[in-house]
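Notes to accompany the following structure.
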Ligand SMILES: Nc1ncnc2c1ncn2[C@@H]1O[C@H](COP(=O)(O)OP(=O)(O)OP(=O)(O)O)[C@@H](O)[C@H]1O
Ligand SMILES: [Mg+2]
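Numbering (my numbering), first residue to last: 195 to 441.
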């Protein structure tokens, strides 16, 4: 079944066509990567799908429903999650408290002295922390975490709302090479276990070819190829773009 269907999605900034009739489909539980050189239009597409910017033309359907141009908070409720840099309010909390506080917010439970975050939805919070390998860090304040662990907290927070689709624009940015593969493997495994589809962009080709079911290649606002990793690797047009960029 199709989870996300994007058709004719376009955005121009003056003379620059940042996204030019972009179209692709993402199946239920699929991990789809969008790749392409800097400025290809990947983030522009992401932000149109995620409700951060309004498209000039085109449609986005999620689970068969037209969600074009809906604001991010509506998409969040509909089941589209995205990872964010951890908000400053979470920094002074422990990893466990941050997850529990996000759960309280999801369940619209207000914080009170009678219901401290520390005791809220404890089993659920622990299950989530276990899934993302953070259980041993549950009592550590977020601000003391190493960068890679903080990225895993961001993933955990994105999963609190039980999304059916997760949007991740460069989820491993800033991580060391070895850490990137491990992070994406964790994202994949968690998504598989929870039946979540993933749309992600990534500059690290090992991460892309190791973890995407299919790859959409963009260049200058257009989709120029869309296929399995093996076929994309062998695609002459794609090779030319990446080789061209290096010269
Ligand atoms: N708000 C804006 N106003 C004007 N031009 C913009 C705006 N946002 C993006 N652009 C331009 O649109 C083009 C596509 O940018 P976009 O950020 O989508 O690329 P990208 O593929 O995500 O690149 P990167 O790999 O560097 O993240 C670029 O030329 C960029 O400079
Ligand atoms: Mg980008």
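The C-beta atom is built at its ideal place from N, Cα and C for all residues, glycine as well.
In this structure, the CA atom of residue 431 is about 45 Å from the CA atom of residue 289.
Looking at the DSSP output, residue 250 bridges to nothing.
DSSP places residue 394 outside any alpha helix (DSSP H); the residue lies instead in the beta strand (DSSP E), whose first and last residues are 391 to 395. Between the region 415 to 424 and the region 212 to 231, the count of Cβ pairs shorter than 8 Å is three or higher; the stretches touch. The beta carbon of residue 382 sits closer than 7 Å to the beta carbons of 225, 405 from its chain, once the five residues preceding and following it are set aside; these are given in chain order. Residue pairing by DSSP puts residue 416 in a beta bridge opposite 413.
Shortest Cα-Cα distance from residue 196 to any of 359, 298, 366, 434 involves 359. Annotation for residue 236 indicates a beta carbon within 8 Å of some heavy atom of ligand 2.
When rounded, the separation of the alpha-carbon atoms in residue 280 and residue 436 is 32 Å.
Per DSSP, the continuous alpha helix (DSSP H) segment holding residue 342 begins and ends at 341 to 353. With fewer than 16 other CB atoms across the displayed protein chains lying within 10 angstroms of its CB, residue 316 is exposed. The three-state secondary structure of residue 314, taken from DSSP, is coil. Contact between residue 244 and residue 269 holds: their C-beta atoms lie close to 7 Å from each other, under 8 Å. For residue 294, the uninterrupted alpha helix (DSSP H) run begins and ends at 289 to 300, by DSSP. By a beta-carbon distance limit of 8 Å, residue 261 does not contact residue 357. Their separation comes to about 13 Å. Residue 278 is classed as exposed because its beta carbon has fewer than 16 other beta carbons within 10 Å across all chains shown. Collapsing the DSSP output to three states places residue 356 in coil.
For the options 403, 394, 340, the alpha carbon positioned closest to that of residue 373 is the one of 340. Look at residue 366: its beta carbon is at least 8 Å from all of the heavy atoms in ligand 2.
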